[in-house]
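A.B. asks: Here it is: the structure, laid out below.
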């Protein structure tokens, strides 16, 4: 066993003394190597290093480590060179190489096999494999062990594979086996894929054969995915990082209820808890393709105006995140813990405060006394997710709450609104890095822009182009969401800027038997820019791709409901519908004191009627169960504990038992995500003011107050940088009725002062500063 460190030049006696005093890796029996050991260690030059060999009799014997006039001197008895200065390495136990034994192949399926072997020293695991002795594929695990196991995936059925194993210890000693082979099992039936054509941004193929996610033996059915991507590359360049595949037919997902699944093709990232491997050649790619995402039957997917349209985007971003997570351990005392991991071993634990990650966990609110409430789940990329993706540096990942309660199943799905008990445990990014090592490449050099291809596969003769606009909408929404989730650090390339708006409810041409209506719809911005929505001149509430506007007034007869959208770049979109209102009959109106707020949100509700109410009730559906609070006879109070859109429907009967209903929507926002967006506006305005760009700074100011602030900014232009330099904190204060209050803390001559600052939703639906 060699010590990895090389020591600086010293004389021979000092080298011997250092060897006697050395303690490393739990051992204290380190010594200078003899000449034969040095000769077997490739990384060094024998002629320039001290050894424990002090003499020999013949040139065929070992050589001393002394260099004179460009030649290794071999007669130490004649020339005592012990006073020379040379570097040295240390060795123990006489190891000069690693012994590999017990190589075996097991668990062979149609597309996978497991290679195992043992070594006599702790070392890593590498398998080179391919259908020729040139190999071409590789799989790597950096864990140092003596019992090695590597599973090869994405193999081709009925194929003979060559492989060799290599192990390297932490000092650089390495050994490799000779070439060996195994043969995968035969596939039950062939699979074919033939391109029909490219339609916009979607490639359509006709396929035959079994496309289920798994084979009959339980292994992943990767061969059809390989055939599809190879067919794609016949007519397209090898420049894609991921493929998203829709079908027009049903097939079996990996498990019941699954909405999609990710097939790993390549991992070249260290420090994320994943084995290094590259199977891209089996998919027709030369090391570029990283994975495929199956989305199932497009005919079962929500359409543009469906309230569940966001589910499409959530599924893609969830599956894509499997490229990097969730697999990391953390150092807990002297051992590595897997307590961060939950369902299937590749999602976050139910007990982890994952900031509502799309990879499960919860957004836990600390109530005190060991009590925690989930305020959301399945919506975002957490700081840890973004670190694993290479978007965040390690310094941007705050400590994470991991609730300790062995009685709770860590593999549970997120449960917004749930309240549990446990012990607060903090896990840091340093704990994770201590177990997994640094992420390589780091955030400073990691890939952040990705090219994603969209493919529709169809059974013979069934292609219907009417499904293509739906896929285009999903593609645009996904591109914008990826920008949002990565906080403008990541992007999906090749997606043109577009803004689409549509009304979900009421439907065009509907008859409304009351003088007001709640309008809901969808907004898709492929750029990810913040987008404001205005319905008949009144700003709506936007959450993800959904917008809502409560109690929009109607007049008797025909009414036009116009929806205008605009983003922060000034890109507009609009649509309208026409409804017929009958306002003279009996009706009820459900109203609230607030349309949106942050979790947990308490809302006061009131039912007004044009008749005497005999009986009434309110039904609430949404991300979590609403908690009804003590109320007065005329009002109901409810607490909404988790973020998302809640639908509240009031029912009331008159004395003749006729039933009347009205519906509104309440949106509960995520405080942290809102804070990130508004802080970004603060930094944007500050940056513009620092360089004297008044016009850009004014775009962050409420329209009504812009001219007033223009005068202030211009008057202070000379001193503005000095003023801004005094600002040391920007702190959230409160949210109430579409208004968010912050405080700016300024350090003025060593004294800290607090100044209020207010954001409001402007007349175009965009958040801007009202008062600064």
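Residue numbers (the numbering used here): 1 to 772. The beta-carbon is built from N, C-alpha and C at its ideal position, and this holds for glycine as well.
Does residue 633 come out as helix, strand or coil in the three-state DSSP assignment?
C.D. replies: Residue 633 falls in the coil class under three-state DSSP.
A.B. asks: What did DSSP end up calling residue 441 once you bin it into helix, strand or coil?
C.D. replies: Reduced to three states, the DSSP call for residue 441 is coil.
A.B. asks: Entirely within the stretch 279 to 331 and at least 3 residues each: give me those beta strand (DSSP E) ranges in chain order.
C.D. replies: As far as the stretch 279 to 331 is concerned, its whole beta strand (DSSP E) runs of at least 3 residues are 291 to 297.
A.B. asks: Would you give the residue range spanned by the alpha helix (DSSP H) that residue 250 belongs to?
C.D. replies: Per DSSP, residue 250 belongs to no alpha helix (DSSP H) and is neither H nor E.
A.B. asks: When the distance is taken between beta carbons, is residue 142 closer than 8 angstroms to residue 127?
C.D. replies: No.
A.B. asks: Are three or more beta carbon pairs between the stretch 337 to 353 and the stretch 612 to 626 nearer than 8 angstroms?
C.D. replies: Cβ pair count under 8 angstroms is below three, so no.
A.B. asks: If we ignore side chains and look at the alpha-carbon of each, how far apart do residue 70 and residue 177 end up?
C.D. replies: With a pLDDT of 38 at residue 70, under the threshold of 50, the modelled position of this residue cannot be trusted, and the question is left open.
A.B. asks: Cβ atoms of residue 654 and residue 586: under 8 angstroms apart, would you say?
C.D. replies: For residue 586 and residue 654, yes; Cβs fall inside 8 angstroms.
A.B. asks: The beta strand (DSSP E) that contains residue 594, what's its start and end?
C.D. replies: Here residue 594 belongs to no beta strand (DSSP E), and DSSP marks it neither H nor E.
A.B. asks: For residue 215, which residues in the same chain have their Cβ closer than 8 angstroms to its Cβ, ignoring the five residues on either side in sequence?
C.D. replies: Excluding positions up to five away in sequence, the list reads 109, 110, 111, 187, 188, 221.
A.B. asks: What separation, rounded to the nearest whole angstrom, lies between the Cα atoms of residue 401 and residue 425?
C.D. replies: About 6 angstroms.
A.B. asks: If I'm right that residue 144 touches residue 124 with Cβ under 8 angstroms, what's the distance once you round it to whole angstroms?
C.D. replies: Their Cβ separation, rounded to whole angstroms, is 6 angstroms, which keeps residue 144 and residue 124 in contact under 8 angstroms.
A.B. asks: Are the beta-carbon atoms of residue 662 and residue 589 separated by less than 8 angstroms?
C.D. replies: A contact, by the Cβ cut-off of 8 angstroms.
A.B. asks: If distances are taken between C-alpha atoms only, which option among 611, 629, 609, 615 comes closest to residue 601?
C.D. replies: Among 611, 629, 609, 615, the Cα nearest to that of residue 601 belongs to 629.
A.B. asks: From residue 652 to residue 611, what does the alpha carbon distance come to, in whole angstroms?
C.D. replies: Straight-line Cα distance between these residues: approximately 10 angstroms.
A.B. asks: By alpha-carbon positions, which one of 92, 470, 436, 113 ends up nearest to residue 171?
C.D. replies: With distances taken between Cα atoms, residue 171 lies closest to 92.
A.B. asks: Measure the C-alpha to C-alpha separation of residue 580 and residue 517 and round it to an integer number of angstroms.
C.D. replies: Approximately 11 angstroms, taken between the alpha carbons.
A.B. asks: I think residue 477 touches residue 545, with their Cβ atoms under 8 angstroms apart; what is that distance to the nearest whole Å?
C.D. replies: Confirmed, Cβ separation roughly 6 angstroms.
A.B. asks: Classify residue 277 as helix, strand or coil using the three-state DSSP reduction.
C.D. replies: In this structure, residue 277 counts as strand in the three-state DSSP scheme.
A.B. asks: Please name the residue in 497, 556, 647 whose C-alpha comes closest to that of residue 566.
C.D. replies: Selected option, being the one with the closest Cα: 497.
A.B. asks: Among 137, 209, 525, 169, which residue has its Cα nearest to the Cα of residue 5?
C.D. replies: The residue with the shortest Cα to Cα distance from residue 5 is 169.
A.B. asks: Within a Cβ cutoff of 8 angstroms, which residues of the same chain sit near residue 223, ignoring the five residues on either side of it in sequence?
C.D. replies: Cβ neighbours of residue 223 beyond the five flanking positions: 110, 111, 156, 157, 187, 191.
A.B. asks: Do the stretch 445 to 455 and the stretch 235 to 243 make contact, defined as three or more Cβ pairs closer than 8 angstroms?
C.D. replies: The answer is yes - the stretch 235 to 243 touches the stretch 445 to 455, with three or more Cβ pairs under 8 angstroms.
A.B. asks: Closest to residue 668 by C-alpha separation, out of 379, 247, 208, would be which residue?
C.D. replies: Comparing Cα positions, the closest option is 379.
A.B. asks: So is residue 762 buried or exposed if we call it buried at 16+ other beta carbons inside 10 Å?
C.D. replies: Counting Cβ neighbours within 10 Å, residue 762 comes out buried, since at least 16 surround it.
A.B. asks: Determine, using beta carbons only, whether residue 543 and residue 645 come nearer to each other than 8 angstroms.
C.D. replies: Yes. Within cutoff.
A.B. asks: For residue 148, does the three-state DSSP call read helix, strand or coil?
C.D. replies: Looking at residue 148 - three-state DSSP - the assignment turns out to be strand.
A.B. asks: What does the alpha-carbon distance come out to for the pair residue 529 and residue 764?
C.D. replies: If I take the Cα positions, the gap works out to 14 angstroms.
A.B. asks: For the 8 angstroms Cβ check, are there 3 or more pairs between the stretch 283 to 296 and the stretch 384 to 396?
C.D. replies: No contact exists between the stretch 283 to 296 and the stretch 384 to 396.
A.B. asks: Could you tell me whether the stretch 431 to 441 touches the stretch 362 to 376, where touching means 3 or more Cβ pairs closer than 8 angstroms?
C.D. replies: Touching, no.
A.B. asks: Assign residue 301 to one of two classes, buried (16 or more other C-beta atoms within 10 Å of its C-beta) or exposed (fewer than that).
C.D. replies: The residue in question, residue 301, is buried, as its Cβ has 16 or more Cβ neighbours within 10 Å.
A.B. asks: Where does residue 24 land, buried or exposed, given buried means 16+ other C-beta within 10 angstroms?
C.D. replies: Label assigned to residue 24: exposed.
A.B. asks: Below 8 angstroms between beta carbons: does that hold for residue 482 and residue 492?
C.D. replies: In this structure, residue 492 lies closer than 8 angstroms to residue 482 by Cβ.
A.B. asks: Which residue or residues does DSSP assign as beta-bridge partners of residue 546?
C.D. replies: In the DSSP output, where bridge partners are listed per residue, residue 546 has 522, 543.
A.B. asks: Just the Cα atoms here: how many angstroms apart are residue 68 and residue 33?
C.D. replies: Confidence at residue 68 is low in this model, with a pLDDT of 37, below 50, so the placement of that residue should be treated as unreliable; the coordinate-derived value is given next. Computed Cα separation, rounded: 21 angstroms.
A.B. asks: Tell me the DSSP secondary structure of residue 391 in three-state form.
C.D. replies: Here residue 391 sits in coil by DSSP.
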